[in-house]
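Novice: One structure, pasted below without further comment.
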Amino acid sequence: MSASDLEIAMPITPPAPSAASGNAPLRPLLASERAEWLDALRGFALLGILLINLTAFSGYAFVDPASKAALPWSGADSVLEYLVHALVEAKFYSLFSFLFGLGFAMQLQRAEQRDGDFRSVFRRRMAWLLVFGLAHAVFVWFGDILNFYALMGFALLWFRKVSTRVLLGAAIFCLTAPVWLYAGYLLIVQLSHAAPTAAPEGGARFAAIIDAYAHGGYGDVVQSNAMIYVFAWVRRIYRFQLLRIFGMFLLGAWAGRVGLPLAREALRPMLRRWLLIGVTVGLPMNLAFAALGGNDALLPASAKGLLSIAMGSVGIPLLSLAYFAAFALYWRKLRGSGNLFVASGRMALTHYLSQSLVCVTLFYGIGFGLFQRVSYGVGLLIALAVFLGLALLCRAWLKFNPQGPMEMLWRRLAYGRQRPADALATE
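Residue numbers for the sequence shown follow my numbering, so the first one is 21 and each next one is one higher.
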């Protein structure tokens with residue numbers, strides 16, 4: 021997904037106008053216009069996404085504590101879970117959301133320079149992303165995030181003409197709103213003397229869904245995906261994930277508005293502050309967030325849940341921005357060892373969907389049947405191996421093709437026409 025987000029934020033961005041550009045139609049971004057460090061950052065974020073998703077792919081997330089302890093090579097699992105929860109969970113989809121908003125602002129600025137029809141192209145992109153996401157959620161893996169990005173992307177269009185100050189204020193409001201909403205909910209529960217609502221339980225139906233992944237055929241998997249997809253929506257709502265995603269969209273759009281991608285060197289002092297605050301404030305807050313139980317502490321409503329949501333609502337964006345700042349500041353030093361991240365970032369949509377195909381094949385009963393049979397630590401090693409294998413395939417593919425297969429399809433559908441040969445050759 022290059023120069024934007026998970027190709028989720030990969031901009032189909034037009035280049036700066038030439039003297040003769042006039043009302044030239046929008047077209048995809050050329051290779052020469054890419055920011056390599058953003059591609060690498062997207063690839064790095066894909067690794068973080070996979071590390072988190074692996075617990076659902078492998079079924080580890082649905083194993084009871086006693087059975088987890090009985091899994092082979094599980095001695096260090098509790099420590100590994102805590103570290104990944106503190107350093108990775110929620111940080112990387114937040115980072116992708118930030119990159120999405122950043123790519124949105126870059127596209128909008130270029131479109132205004134060319135008098136291009138930005139809204140129509142962007143809506144088509146989001147519509148097709150929604151289609152891809154729904155198909156992915158039902159036919160491959162229920163944990164899809166693309167559809168949420170697509171829906172939030174449509175909402176982002178409402179903010180394209182607001183001032184920079186309003187954009188930043190709206191971002192801060194969305195990111196901190198979960199604290200006030202949860203505090204209000206907790207107050208209502210306490211004043212009404214009602215029994216706190218527990219987290220949704222699936223009971224026997226949920227157990228049947230999990231069994232379908234472990235032992236069922238493909239038809240059972242599809243049926244289970246469709247059922248659990250609804251639960252996934254409920255879960256993301258009560259965990260305030262949609263607000264966090266949209267808040268990071270807006271924050272990324274603000275960063276693009278102030279020229280961060282193009283003025284990286286001039287903005288190094290700001291990036292250093294982001295990194296410093298992320299490490300000194302964001303990191304301790306995320307360590308506390310993980311120690312409190314994170315999102316699992318939210319229901320039933322409690323003071324512990326309020327403290328957890330406060331730590332997460334502030335700490336997660338700060339640490340995500342610190343990761344962004346570190347890449348922006350030190351990419352030149354990291355460049356030699358980050359080539360695989362670059363290739364993965366350029367093919368982020370293909371890579372993301374391929375993660376699901378590979379992991380479903382490895383873990384589900386329709387494949388090698390490792391579901392609920394590997395420890396957390398072993399699962400992390402498998403995730404690293406899957407990422408490395410896909411990254412190598414991405415690099416090999418890009419030696420002979422200008423972009424990934426899903427990127428080609430998405431861009432073709434978004435533009436609805438054949439792109440110029442020079443764009444295809446160099447993109």
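Backbone N, C-alpha and C fix where the C-beta goes; we use that ideal spot for every residue, glycine too.
Under 8 angstroms between the Cβ atoms of Leu-318 and Tyr-258?
Specialist: Yes, they are a contact pair.
Novice: Can you check whether the CB of Ala-346 is closer than 8 angstroms to the CB of Trp-57?
Specialist: Contact flag unset, no.
Novice: Tell me the DSSP secondary structure of Phe-138 in three-state form.
Specialist: DSSP places Phe-138 in helix when its eight states are reduced to three.
Novice: Is Met-367 closer than 8 angstroms to Tyr-262 when the C-beta atoms are compared?
Specialist: At residue 262 the sequence reads Leu, which differs from the Tyr that was named. No, they are not a contact pair.
Novice: Within the continuous alpha helix (DSSP H) that includes Asn-245, where are the two ends?
Specialist: Element bounds for Asn-245: 238 to 258.
Novice: Going by beta carbon distance, what residues of the same chain come within less than 7 angstroms of Thr-370, once the five residues before and after it are set aside?
Specialist: If we look at Thr-370 and ignore the five residues flanking it on each side, its Cβ neighbours are Gly-424, Pro-425, Met-426 and Glu-427.
Novice: How should Ala-232 be labelled, buried or exposed, when 16 other C-beta atoms within 10 angstroms of its C-beta is the threshold for buried?
Specialist: Ala-232 comes out buried.
Novice: Looking at the structure shown, is Met-290 part of a helix, part of a strand, or coil, going by DSSP?
Specialist: Three-state DSSP puts Met-290 in a helix.
Novice: Do the CB positions of Gly-276 and Ala-125 come within less than 8 angstroms of each other?
Specialist: It is a contact, given that the beta carbons lie within the stated cut-off.
Novice: Excluding sequence positions up to five away, which residues of its chain have a Cβ less than 7 angstroms from the Cβ of Leu-327?
Specialist: Result list for Leu-327: Leu-312, in chain order.
Novice: Cα-Cα, which of Ile-386, Ala-363 and Leu-303 is closest to Val-108?
Specialist: Ranking the options by Cα distance to Val-108, first place goes to Leu-303.
Novice: Just mark Asp-84 as buried or exposed, buried being the case when its beta carbon has 16 or more other beta carbons within 10 Å.
Specialist: It is exposed - the Cβ of Asp-84 has fewer than 16 other Cβ atoms within 10 Å.
Novice: Alpha carbon to alpha carbon, how far is Ala-55 from Ala-283?
Specialist: Their Cα atoms are separated by approximately 12 angstroms.
Novice: Verify whether the separation of the beta carbon atoms of Leu-360 and Gly-63 is less than 8 angstroms.
Specialist: Their beta carbons are under 8 angstroms apart, which means Leu-360 touches Gly-63 by this criterion.
Novice: Would Thr-196 and Trp-274 be called neighbours here (beta carbons separated by less than 8 angstroms)?
Specialist: Contact flag unset, no.
Novice: Measuring straight from C-alpha to C-alpha, what distance separates Gly-239 and Gly-153?
Specialist: Between Gly-239 and Gly-153, the C-alpha separation is close to 19 angstroms.
Novice: Hey, would you say Tyr-202 sits closer than 8 angstroms to Ile-329, going by beta carbons?
Specialist: Cβ atoms of Tyr-202 and Ile-329: closer than 8 angstroms.
Novice: To the nearest whole angstrom, what separates the beta carbons of Ala-310 and Ala-106, a pair I think is in contact under 8 angstroms?
Specialist: Confirmed, about 4 angstroms.
Novice: Please work out which residues of its chain come closer than 7 angstroms, Cβ to Cβ, to Ser-41, disregarding the five sequence neighbours upstream and downstream, and give them in chain order.
Specialist: Confidence at Ser-41 is low in this model, with a pLDDT of 41, below 50, so the placement of that residue should be treated as unreliable; the coordinate-derived value is given next. Within the same chain, Ser-41 has close Cβ partners Arg-134.
Novice: For the alpha helix (DSSP H) containing Glu-427, list its first residue and its last residue.
Specialist: That run of the alpha helix (DSSP H) goes 425 to 435.
Novice: Residues in the same chain with beta-carbon distance under 7 angstroms from Ser-114, minus the five sequence neighbours each way, listed in chain order, please.
Specialist: Only Arg-264, Met-268, Ile-336, Pro-337 and Ser-340 meet the Cβ criterion.
Novice: Three or more C-beta pairs closer than 8 angstroms, one from the region 157 to 170 and one from the region 241 to 248: is that the case here?
Specialist: Result yes; three or more Cβ-Cβ pairs closer than 8 angstroms.
Novice: Nearest to Leu-149 by CA position, among Ala-308, Gly-409, Tyr-372 and Tyr-350, is which residue?
Specialist: Ranking the options by Cα distance to Leu-149, first place goes to Tyr-372.
Novice: Whether or not the region 83 to 103 and the region 289 to 304 are in contact is what I'm after, with contact meaning three or more pairs of Cβ atoms, one per stretch, closer than 8 angstroms; do they touch?
Specialist: No, the region 289 to 304 is not in contact with the region 83 to 103.
Novice: Sorted by chain position, which residues of the same chain lie with C-beta nearer than 6 angstroms to Asn-306's C-beta, five sequence neighbours on each side aside?
Specialist: Contacts found: Ala-106, Gly-335 and Leu-339.
Novice: Does DSSP put Arg-180 in a helix, a strand or coil?
Specialist: Arg-180: coil per DSSP, three-state reduction.
Novice: By how many angstroms is the C-alpha of Ala-321 removed from the C-alpha of Tyr-205?
Specialist: Approximately 8 angstroms between the Cα atoms of the pair.
Novice: List, from N- to C-terminal side, the alpha helix (DSSP H) runs of 4 residues or more that fit wholly inside the region 295 to 341.
Specialist: Listed in chain order, they are 303 to 312.
Novice: With DSSP collapsed to three states, give me the class of Ile-192.
Specialist: The answer is helix: DSSP assigns Ile-192 an H, G or I state.
Novice: Leu-61: buried (16+ other C-beta within 10 angstroms of its C-beta) or exposed?
Specialist: Leu-61 comes out buried.
Novice: In angstroms with no decimal places, state the Cα-to-Cα distance between Ala-90 and Ala-411.
Specialist: Between Ala-90 and Ala-411, the C-alpha separation is close to 33 angstroms.
Novice: Between the C-alpha atoms of Gly-332 and Ser-94, what's the straight-line distance to the nearest angstrom?
Specialist: Going from the Cα of Gly-332 to the Cα of Ser-94 covers about 27 angstroms.
Novice: How about Ile-230 and Gly-389: do their beta carbons lie closer than 8 angstroms?
Specialist: No, the Cβ-Cβ distance between Ile-230 and Gly-389 is not below 8 angstroms.
Novice: Where does the unbroken alpha helix (DSSP H) through Phe-383 begin, and where does it stop?
Specialist: Here the alpha helix (DSSP H) through Phe-383 covers 368 to 383.
Novice: Let's see if you can read the secondary structure: which residues bound the alpha helix (DSSP H) around Val-406?
Specialist: First-last of the alpha helix (DSSP H) with Val-406: 396 to 418.
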